[in-house]
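In our numbering, the protein residues as written are 103 to 368.
Glycine included, C-beta positions come from ideal geometry on N, C-alpha and C.
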């Protein structure tokens, strides 16, 4: 039996429109393809709350990843499939380094919180988890380029090998930069590999779709890729397959074309 192709899709600047929501047409077409057997999931820098809110109405059935790949969750039972989190000491060092420059957004969850959020999405009962400790998955800063550069320099001076720093532009505000600090062992590439293991589908059967520098690890890990938009660095490295940004329409066009052509050859 042939293994299916799994599409791994970023959200902002890729599948979402400029108001950071999914167009009704995109949602409708995705659900129609999922009912026909499409395997698609999502790997995003967003936190769990906003991801669940945005994907409400999409018939998710595969594990998806948030916090730039550091937290992988099953939408079917609310279980944490894999997690990479910061140590308390690392978080304290980051906050001290950024003190007086910019305020961070700290993303933290425990197993009950994850299940509770997904319970709202699924509208059905889920078993309570046994893990009660709260873990910090991301410390992110969103500010002007000069402030982000200063924070990045200070954090790099910590020389902490447990930290993974990603700096990129806001997809919709060019003057705003984002610095997302996650655990070194967890990123979008790690999420690709672990989703591959969970589904028992090789990475060679995975197609990554994204738009920015924080998608590079995902592109490296997946068997194939498609770049959305005209980011110069991303296109220089992976621009052999690219589509325009069209608020999600071009992405679902690409997926539909690839899915239907693959289905006909099976």
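Task: Length of the line joining the Cα atoms of residue 325 and residue 202 - done: Approximately 43 Å between the Cα atoms of the pair.
Open item on the list: So, at 7 Å on beta carbons, what are the nonlocal neighbours of residue 262 in its own chain, with the 5 sequence-adjacent residues on each side left out?
Closed with: Once the five neighbours on either side are set aside, the close Cβ partners of residue 262 are 192 and 195.
Task: Coarse secondary structure for residue 133, derived from DSSP in three states - done: Residue state, collapsed to three classes: helix.
- [ ] Would you mind listing the beta strand (DSSP E) stretches within the stretch 237 to 310 that are 3+ residues and don't spill past its ends, in chain order?
- [x] The qualifying runs are 237 to 246, 265 to 272 and 275 to 285.
Open item on the list: Please report the distance separating the alpha-carbon of residue 140 from that of residue 198.
Closed with: Between the alpha carbons of residue 140 and residue 198 lies a distance of about 46 Å.
- [ ] Determine, using beta-carbon pairs with one atom in the stretch 169 to 183 and one in the stretch 246 to 256, whether at least three such pairs fall under 8 Å.
- [x] Counting Cβ pairs under 8 Å, fewer than three are found: no touch.
- [ ] Please classify residue 163: is it buried, with 16 or more other beta-carbons within 10 angstroms of its beta-carbon, or exposed?
- [x] With a 10 Å radius around the Cβ and a threshold of 16 neighbouring Cβ atoms, residue 163 comes out exposed.
Open item on the list: Considering only their Cβ atoms, is the gap separating residue 188 from residue 122 smaller than 9 Å?
Closed with: No, these two residues do not count as a Cβ contact at 9 Å.
- [ ] Could you give the DSSP three-state label for residue 185: helix, strand or coil?
- [x] Residue state, collapsed to three classes: strand.
TODO: State whether the stretch 284 to 301 contacts the stretch 254 to 268, with contact taken as three or more CB pairs (one from each stretch) at a distance under 8 Å.
DONE: Touching, yes, given that three or more Cβ pairs across the two stretches are closer than 8 Å.
Task: When 296, 364, 337 and 277 are compared against residue 311, the one with the closest alpha-carbon - done: Considering only alpha carbons, the answer is 337.
Open item on the list: Taking 8 Å as the cut-off, does the stretch 335 to 355 touch the stretch 126 to 143 (at least 3 CB pairs, one atom from each stretch)?
Closed with: Between the stretch 126 to 143 and the stretch 335 to 355 there are three or more C-beta pairs closer than 8 Å, enough to call the two in contact.
TODO: Run the CB neighbour count on residue 120, radius 10 Å, all protein chains shown included, and call it buried at 16 or more, exposed below.
DONE: By the neighbour-count rule (16 or more Cβ atoms within 10 Å), residue 120 is not buried but exposed.
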